[in-house]
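So the sequence shown is numbered by full-length UniProt numbering: it starts at 1 and just counts up by one. The beta carbon of each residue, even a glycine, is placed where N, CA and C say it ideally should be. These numbers were taken from a predicted model, which means no experiment stands behind them. To keep things clear, I will list the structure first and then write my remarks on it.
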Amino acid sequence: MKMSAMSMSGGMGSMSMGDGVPSLFYLQKMFWAAVGSAVALATLVNMYNKLLCRQRIAAARRGQAAPAKPTTFLTLSMATMAATCRELTYASSSISLGSKFSYATPTLGRMLLISAELVAVIVLCFYALHPSDQWQWEDIGYRTGFIACAQLPLIFLLAGKNNVIGLLVGASYERLNWLHRWTARVLFLTVTIHMGFWFADWYRYDYIKVKLTTDPITQRGFAAWVIMLWIVISSMAPVRTWNYEFFVVQHIVTFSGLIAAVYLHLPAENKVWIWIPIGLLVLDRLLRWLTLLYINIAIFHPRSKSNRLLASRATFEPLDCETTRITVTTPPTSWCPGQHVLLSCHTVAPFQSHPFTIASIPSDGKMEFLVKSKMGVTKRFLEYAEKQQTLPLLEHEHERGQRKTILIEGPYGRMRPLRQFDSVFLIAGSSGGTFTIPLLRDIVHKWKNVDSEPGSRWSWSGPSGVATRYLRCVWIVKSRAQYRWFAEKLVDVVQDVERLRGGGQNYEVEISIYVTCDEGFIAERKPSLQSERYATLRDQPGEISSVTSSGPNDEKAKLNAISIDLGSSAIDSQQESKLACGPNGTCCCRTTIEDEAAVASKDALCQCCCGEPEAKAVMESSNASTEFESSENQLRMTPTSRTQSTRDSTHPAIAILSGRPQPKSLIRKTLEQALGESAVVVCGPSGLVRNVRQSVVSLSDERAVHKGTGAQGIYLHAEAFEC
Numbered sequence: 001m002k003m004s005a006m007s008m009s010g011g012m013g014s015m016s017m018g019d020g021v022p023s024l025f026y027l028q029k030m031f032w033a034a035v036g037s038a039v040a041l042a043t044l045v046n047m048y049n050k051l052l053c054r055q056r057i058a059a060a061r062r063g064q065a066a067p068a069k070p071t072t073f074l075t076l077s078m079a080t081m082a083a084t085c086r087e088l089t090y091a092s093s094s095i096s097l098g099s100k101f102s103y104a105t106p107t108l109g110r111m112l113l114i115s116a117e118l119v120a121v122i123v124l125c126f127y128a129l130h131p132s133d134q135w136q137w138e139d140i141g142y143r144t145g146f147i148a149c150a151q152l153p154l155i156f157l158l159a160g161k162n163n164v165i166g167l168l169v170g171a172s173y174e175r176l177n178w179l180h181r182w183t184a185r186v187l188f189l190t191v192t193i194h195m196g197f198w199f200a201d202w203y204r205y206d207y208i209k210v211k212l213t214t215d216p217i218t219q220r221g222f223a224a225w226v227i228m229l230w231i232v233i234s235s236m237a238p239v240r241t242w243n244y245e246f247f248v249v250q251h252i253v254t255f256s257g258l259i260a261a262v263y264l265h266l267p268a269e270n271k272v273w274i275w276i277p278i279g280l281l282v283l284d285r286l287l288r289w290l291t292l293l294y295i296n297i298a299i300f301h302p303r304s305k306s307n308r309l310l311a312s313r314a315t316f317e318p319l320d321c322e323t324t325r326i327t328v329t330t331p332p333t334s335w336c337p338g339q340h341v342l343l344s345c346h347t348v349a350p351f352q353s354h355p356f357t358i359a360s361i362p363s364d365g366k367m368e369f370l371v372k373s374k375m376g377v378t379k380r381f382l383e384y385a386e387k388q389q390t391l392p393l394l395e396h397e398h399e400r401g402q403r404k405t406i407l408i409e410g411p412y413g414r415m416r417p418l419r420q421f422d423s424v425f426l427i428a429g430s431s432g433g434t435f436t437i438p439l440l441r442d443i444v445h446k447w448k449n450v451d452s453e454p455g456s457r458w459s460w461s462g463p464s465g466v467a468t469r470y471l472r473c474v475w476i477v478k479s480r481a482q483y484r485w486f487a488e489k490l491v492d493v494v495q496d497v498e499r500l501r502g503g504g505q506n507y508e509v510e511i512s513i514y515v516t517c518d519e520g521f522i523a524e525r526k527p528s529l530q531s532e533r534y535a536t537l538r539d540q541p542g543e544i545s546s547v548t549s550s551g552p553n554d555e556k557a558k559l560n561a562i563s564i565d566l567g568s569s570a571i572d573s574q575q576e577s578k579l580a581c582g583p584n585g586t587c588c589c590r591t592t593i594e595d596e597a598a599v600a601s602k603d604a605l606c607q608c609c610c611g612e613p614e615a616k617a618v619m620e621s622s623n624a625s626t627e628f629e630s631s632e633n634q635l636r637m638t639p640t641s642r643t644q645s646t647r648d649s650t651h652p653a654i655a656i657l658s659g660r661p662q663p664k665s666l667i668r669k670t671l672e673q674a675l676g677e678s679a680v681v682v683c684g685p686s687g688l689v690r691n692v693r694q695s696v697v698s699l700s701d702e703r704a705v706h707k708g709t710g711a712q713g714i715y716l717h718a719e720a721f722e723c
């Protein structure tokens with residue numbers, strides 16, 4: 001007779017369950033052999049990508065015309081394999097749930113990876129056993145329990161901020177977080193099978209209630225299952241986004257309870273699978289604390305010349321669109337564009353640390369964050385900044401009063417260096433610009449300093465140089481107030497590239513700003529269509545169109561100029577009249593612009609019906625210039641409740657349009673002029689990310705990338721956030 005289910009004695013793992021049936025310890029090793037093989041393969045790919053980057057940069061420094069284009073048999077073969085894998089793994093679809101709701105499925109690559117893990121776990125659970133044979137149900141119960149506890153270290157490996165897997169495969173913790181959640185779900189399924197077969201075995205003898213009420217090991221196992229059920233449910237997106245602070249606290253408490261319950265449930269021979277996760281957790285926390293102390297203690301940063309204990313102090317400045325600019329004037333650490341840090345200010349929001357993307361580049365000499373106010377800590381930051389701005393202090397006292405001591409952890413985030421690609425397409429929605437615009441500025445900065453930047457062939461950062469020759473940046477904002485966040489920086493980018501081109505460099509940059517919910521902008525475009533100035537602009541693309549804007553509230557400042565590229569028309573006629581009303585009755589233009597050179601048609605513009613901006617913004621073409629000058633003077637004299645630039649910087653080369661872009665057509669134009677592999681980077685709401693991802697897959701298939709057509713590869717990097 002077999003031993004009782006939940007009272008396993010030592011030595012069970014090495015016990016044979018029959019001829020040809022592997023031992024339980026052996027199957028646990030097989031699980032980790034499969035995991036190790038997958039990590040090793042990803043590591044090899046990561047190493048190849050790093051070597052490829054070095055090769056391309058070195059080729060660019062030698063003056064090769066198309067350094068990002070594969071030419072050897074090896075690079076051509078790898079490029080073909082990469083293109084095929086990308087088409088397969090980037091693909092995704094959506095499931096319609098009625099007329100108003102739809103569910104976006106994970107990418108096929110993610111589903112394949114999780115399916116592979118699930119298949120491996122199921123095979124290990126049932127290999128050489130027969131679930132239909134009730135006399136083997138106890139054997140299955142034992143085996144599934146052993147396989148389940150072997151999965152615990154993997155979950156903790158994927159959860160840490162400093163995890164070995166991420167270091168090997170070239171991915172940061174936030175890009176492995178989805179895998180952490182799905183691995184936990186596979187573990188929950190394994191544990192449920194484990195419990196189900198024991199319950200099925202006991203049910204034959206009407207013994208389930210007895211075991212649950214009298215056997216401590218069974219009780220602890222059932223408690224662990226209940227805790228794991230809650231962890232799986234609470235880790236789903238609706239709960240996480242509902243209240244992130246609550247999610248973090250309860251997650252720490254519940255996984256601590258899970259570890260305790262599982263430890264008490266397992267036999268002595270399996271307790272090692274609990275000590276490994278505990279060791280990984282302690283190691284991760286230790287590394288994080290040591291890094292935190294090194295970055296933030298002033299004694300380690302003598303150049304900061306601070307007589308305080310902590311090195312970092314920041315100013316908080318309120319901006320339009322419920323946004324706070326946090327500026328660290330003496331950054332205690334270096335970073336790469338696109339990275340983020342965990343920032344905390346305990347005097348404003350005690351005992352909280354949140355991730356924020358760094359909106360500046362190292363050459364700025366300061367670390368800057370643009371934090372959108374929603375709830376919790378972000379709302380407290382804005383309230384504090386607004387309060388400080390209204391205090392009746394002298395200017396120098398005002399500045400000192402705003403500076404707060406902060407703690408910085410990080411930076412975190414990894415991506416392939418964009419300077420290795422021939423062409424780079426950047427698209428962002430709303431605050432996603434804090435991710436893409438620093439990437440744009442960083443490449444232009446490297447163009448300017450290509451011969452003076454440090455870096456050798458064998459250095460950790462690789463050789464200095466840039467293989468990129470073309471940059472395309474698209475930023476979708478709700479209002480011109482958001483555009484002001486980076487207005488001057490974008491103008492600097494255009495002017496820097498103009499100077500480089502004037503010096504004989506063959507670099508090119510194109511920037512477009514799409515404004516979707518600014519009724520003042522929409523209204524002011526209509527009268528300009530009927531003016532002689534519009535006719536002049538149509539014949540001379542790139543001129544500055546002088547307009548005025550009167551908003552219904554003090555947060556809508558007047559713009560001094562809006563530039564727009566005009567040409568022959570091609571806007572999707574099915575989208576022309578699609579409008580929606582945004583907050584406070586503002587008009588949100590849903591027109592999809594298929595071609596940016598298509599704004600010459602009056603019918604192409606949005607006809608706003610949500611508010612009354614048109615009556616306030618209509619102007620005669622004959623006095624457009626006069627009104628603009630008056631508006632500009634008034635802007636200098638009128639105080640506002642939020643800090644804003646003294647001027648709205650623009651440039652004829654920056655196209656500012658009303659509506660929404662069609663990512664596929666914009667990406668296609670970038671790919672058509674590319675001489676080597678291109679990179680597409682998107683950051684924004686999940687809908688935008690999904691649209692761009694589908695566009696990349698469609699274009700890769702349509703152009704038959706690396707399949708004999710001459711079309712070059714497309715690398716996609718996607719960062720999504722919830723709005």
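First and last residue of the uninterrupted beta strand (DSSP E) at residue i
| i | result |
| --- | --- |
| Glu386 | Here Glu386 belongs to no beta strand (DSSP E); instead the alpha helix (DSSP H) covers Val377 to Thr390. |
| Ser423 | Ser423 to Gly429 |
| Trp475 | Tyr470 to Val477 |
| Ile654 | Ile654 to Ser658 |
| Cys125 | That residue, Cys125, is in no beta strand (DSSP E); its alpha helix (DSSP H) goes Leu108 to Phe126. |
| Cys149 | Element bounds for Cys149: not the beta strand (DSSP E) but the alpha helix (DSSP H), Trp137 to Ala159. |
| Cys683 | Ser678 to Pro685 |
Option in the options with minimal Cα separation from residue i
| i | options | result |
| --- | --- | --- |
| residue 740 | Cys683, Tyr142 and Ala120 | Nothing about residue 740 can be reported from this structure: the residues present for the chain run from 1 to 723 only. |
| His651 | Phe255, Phe356, Val493 and Lys211 | Val493 |
| Phe316 | Gly687, Gly63, Met78 and Lys379 | Lys379 |
| Ser686 | Leu286, Leu343 and Ser93 | Ser93 |
| Val491 | Ala237, Tyr507 and Ser512 | Ser512 |
| Ala720 | Ala237, Leu309 and Asp139 | Ala237 |
| Phe486 | Tyr207, Ile295, Gly433 and Thr75 | Gly433 |
| Thr591 | Ile476, Arg693, Thr190 and Val169 | Ile476 |
Separation of residue j from residue i, as counted between CA atoms
| i | j | result |
| --- | --- | --- |
| Pro362 | Pro331 | 9 Å |
| Pro350 | Gly257 | 25 Å |
| Lys209 | Ile193 | 18 Å |
| Leu471 | Thr357 | 21 Å |
| Gly659 | Arg480 | 13 Å |
| Lys404 | Lys211 | 58 Å |
| Ala268 | Gly365 | 55 Å |
| Gly594 | Ile654 | In the sequence as displayed, the identity of residue 594 is Glu instead of Gly. So the two alpha carbons sit approximately 18 Å from each other. |
| Leu283 | Trp289 | 10 Å |
| His706 | Gly63 | 24 Å |
| Thr80 | Asp139 | 47 Å |
| Gly465 | His301 | 29 Å |
| Lys387 | Ile408 | 24 Å |
| Ala82 | Pro67 | 18 Å |
| Leu292 | Ser312 | 12 Å |
Residue i classed as buried or exposed, judged by whether at least 16 other C-beta atoms fall within 10 angstroms
| i | result |
| --- | --- |
| Ala65 | exposed |
| Leu280 | buried |
| Thr640 | Annotation note: pLDDT 40 at Thr640 (below 50); position unreliable, coordinate value reported separately. Label assigned to Thr640: exposed. |
Spatial neighbours of residue i in its chain, beta-carbon cut-off 6 Å, leaving aside the 5 residues before and after
| i | result |
| --- | --- |
| Pro355 | His340 and Leu342 |
| Pro417 | Cys53 |
| Tyr127 | none |
| Ala223 | Ala261 |
| Leu27 | Leu124 |
| Asn553 | Because Asn553 sits at a pLDDT of 38, beneath the cut-off of 50, its placement in the model cannot be relied upon, and the following sentence gives the value as read from the coordinates. Once the five neighbours on either side are set aside, Asn553 has no close Cβ partner at all. |
Neighbourhood of residue i by C-beta distance below 8 Å, restricted to the same chain and skipping five residues each side
| i | result |
| --- | --- |
| residue 730 | Residue 730 is absent from the structure shown; the chain starts at 1 and stops at 723. |
| Tyr412 | Lys161, Ser172, Tyr173, Glu174, Gln339, His340, Val341, Leu342 and Pro355 |
| Lys489 | Ile437 and Arg441 |
First through last residue of the alpha helix (DSSP H) which encompasses residue i
| i | result |
| --- | --- |
| Lys669 | Pro663 to Glu672 |
| His265 | Tyr244 to His265 |
| Ile193 | Tyr173 to Tyr203 |
| Thr80 | Phe73 to Tyr90 |
| Gly433 | Gly433 to Lys448 |
C-beta neighbour in chain C for residue i, strict 8 Å
| i | result |
| --- | --- |
| Asn506 | Absent from the structure is chain C; it holds one protein chain and no more. |
Own chain partners of residue i with C-beta closer than 7 Å, once the 5 adjacent residues on each side are dropped
| i | result |
| --- | --- |
| Ala38 | none |
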